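These notes are about the structure you will find just below.
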Amino acid sequence: QATIERIAAGEVVERPASAVKELVENSLDADASRVRVVVEAGGTDGIRVTDDGRGMTAEAVERAVEKHTTSKIADIDDLEAGVGSLGFRGEALAAIGAVSRLTIRTKARGTSRGTELRMAGGEIESVEPAGCPEGTTVEVEDLFYNVPARRKYLKQDATEFTHVNRVTTGYALSNPDVALALEHDGREVFSTTGQGSLEATILSVYGRDVAEAMILVEAHADSESDGADGGNDEERDTDGPLDELSGVVSHPETTRASPEYCSVFVNGRYVSATAVRDAIVEAYGGQLAPDRYPFTVLFLSLPADTIDVNVHPRKREIRFADEADVREQVRTAVEDALMREGV
Ligand code: ADP
Ligand code: MG
19 QATIERIAAG EVVERPASAV KELVENSLDA DASRVRVVVE AGGTDGIRVT DDGRGMTAEA
79 VERAVEKHTT SKIADIDDLE AGVGSLGFRG EALAAIGAVS RLTIRTKARG TSRGTELRMA
139 GGEIESVEPA GCPEGTTVEV EDLFYNVPAR RKYLKQDATE FTHVNRVTTG YALSNPDVAL
199 ALEHDGREVF STTGQGSLEA TILSVYGRDV AEAMILVEAH ADSESDGADG GNDEERDTDG
259 PLDELSGVVS HPETTRASPE YCSVFVNGRY VSATAVRDAI VEAYGGQLAP DRYPFTVLFL
319 SLPADTIDVN VHPRKREIRF ADEADVREQV RTAVEDALMR EGV
């Protein structure tokens, strides 16, 4: 296997958390209602993602690990959209398989026989019939065993696990109708019910204290046009670029020392948006202790053409064309929510 391919794979799979991200995304794409992520030593010793999704036939699983194969691009428009927003379509499994020992056990819904595929360093070693439940289990072992430079670059297990936890938490929060569980070194970190509410998911992920400190935030583009009476549906509030903002923020006494508990989703994507986080903190107007951050889960939706798409698709940091306006809208919405609660 050419070195260049392994380097390319390393672009897709930077660390255990990036493999977890791709595997969970595939499970969600496969219409799973239960997804379980099990990692050992922060994912450096092993990653296993199990879902009850639609599974794959023997032919499909062989295709799935080839490069540039995807079952998800219907036409050229999808392809172009994918390049901008979703990253490198059809490369994740191939990339993970190129830099690890990969085992996939899968059974397509409604079929009688499952398949187990094993590959190492990008080469398929075996494809055999296997007894397994409907759905898919992907197991990644010895990540970067054949890319020593990458392997050396991995941080301590605890740090790698922090990344895995953040990624998995993000999917749990944005998919409340999927029962998502995370296990690390034999210990269950969280497990959501998949019952469909953000509140229930926060309870499962962060615990009761945090869940009880949550304050609802909501703002629509037309929030300032009062009532339907004289209102014109075509006319939108020109207040700012956000179409919609919803979610929760915590009471100022329920905080953490790390900003990683400020979860922000833009058009459904879990992102890192410093501008939004700053605006949230600003809204608390000095009620937060120094270097403390609230728990927040905010979903922003705004026109795709107002988001900077020139950011690397694998990177989480996002930029807005009208950053000052986005900040202002977020700050105002959070302020309103806090005020409503008398905070
Ligand atoms: P992409 O997700 O961009 O299509 P991937 O390399 O991540 O590319 O996956 C390749 C293909 O393998 C997918 O298009 C899908 O058909 C199949 N696949 C991967 N994971 C699963 C899964 N958990 N359940 C069912 N099909 C899967
Ligand atoms: Mg994928």
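In the UniProt record's numbering, the protein residues as written are 19 to 361. Think of the CB as a built atom: it goes at the ideal place given N, C-alpha and C, for glycine as much as any other residue. Values in this document were obtained by computation on a predicted structure and should not be read as measured data.
Check residue i in the structure and name its three-state DSSP category.
i, result
"E159", "strand"
"E80", "helix"
"M74", "coil"
"G204", "coil"
"D343", "helix"
"R66", "strand"
"A35", "helix"
"S281", "strand"
"residue 392", "Past the edges of the chain, shown from 19 to 361, lies residue 392, and the structure says nothing about it."
"V53", "strand"
"M357", "helix"
"D296", "helix"
"N164", "coil"
"K170", "helix"
"L306", "coil"
"A176", "helix"
"D47", "helix"
"L260", "coil"
"G245", "With a pLDDT of 48 at G245, under the threshold of 50, the predicted position of this residue should be treated as unreliable, though the coordinate-derived value follows. Note: G245 maps to coil in three-state DSSP."
"N250", "Model confidence at N250 stands at a pLDDT of 47, short of 50, so the residue's coordinates are unreliable and nothing is read from them."
Please determine, among the options, the residue with the shortest C-alpha to C-alpha distance to residue i.
i, options, result
"G286", "A78, R334, D160, E134", "R334"
"A342", "A293, D47, K173, E32", "A293"
"D323", "V30, T177, Y224, V284", "V284"
"D195", "T314, L161, G73, A218", "A218"
"S192", "S281, E157, P277", "S281"
"Q213", "A190, R226, D203", "A190"
"P151", "A138, E134, G139, D160", "E134"
"D257", "V344, D63, L198", "V344"
"P259", "F338, D160, A113", "F338"
"residue 362", "Y311, A116, A199", "Look at the range of the chain in this structure, 19 to 361, and you will see that residue 362 is not part of it."
"L320", "D340, V53, L46, A351", "D340"
"I52", "G71, L263, R136, S276", "A quick correction: the sequence has Arg, not Ile, at residue 52. The shortest C-alpha separation from R52 is found at G71."
"G73", "V57, T129, A237, S264", "T129"
"A229", "H238, A237, S215", "S215"
"L198", "E32, K39, E141, V31", "K39"
"P312", "I336, E84, V352", "V352"
"T75", "D354, G132, R136, R349", "G132"
"L356", "Y224, V156, V267, G304", "V267"
"Q174", "E346, V361, G360, G60", "G60"
"F317", "A307, A231, A237", "A237"
"R33", "Y224, F179, V56, T155", "F179"
"V57", "V361, E159, P147", "E159"
"N164", "L306, V83, A113, H269", "A113"
"I298", "I325, P270, Y288", "P270"
"A35", "I233, E346, H202, D354", "H202"
"D227", "T211, D296, R274, N183", "R274"
"V145", "G225, L306, R81", "R81"
"I65", "I336, D326, G204", "G204"
Taking 7 angstroms as the cut-off, is the CB of residue i close to at least one heavy atom of ligand 1?
i, result
"T154", "yes"
"G73", "yes"
"residue 365", "Since the first residue of the chain shown is 19 and the last is 361, residue 365 is not available in this structure."
"A197", "no"
"N44", "yes"
"A148", "no"
"A76", "no"
"A48", "yes"
"A82", "yes"
Mind checking who residue i pairs with in its DSSP beta bridge?
i, result
"G265", "V235, L316"
"Y311", "R274"
"E335", "S290"
"I325", "F338"
"T154", "D69, T124"
Is any beta-carbon of chain D found at less than 8 angstroms from that of residue i?
i, result
"P270", "Annotation note: the requested chain D is absent from the structure, which comprises a single protein chain."
Sorry if obvious, but does the Cβ on residue i come closer than 7 angstroms to a heavy atom of ligand 2?
i, result
"E32", "no"
"A110", "yes"
"E40", "yes"
What are the start and end residues of each continuous alpha helix (DSSP H) run of 4 or more residues lying completely inside the region 178–228, in chain order? The region 178–228 contains these whole alpha helix (DSSP H) runs: 216–224.
Mind pulling the alpha helix (DSSP H) runs of 4 or more residues that sit fully within the region 108–152? Listed in chain order, the complete alpha helix (DSSP H) runs (minimum 4 residues) inside the region 108–152 are 110–116.
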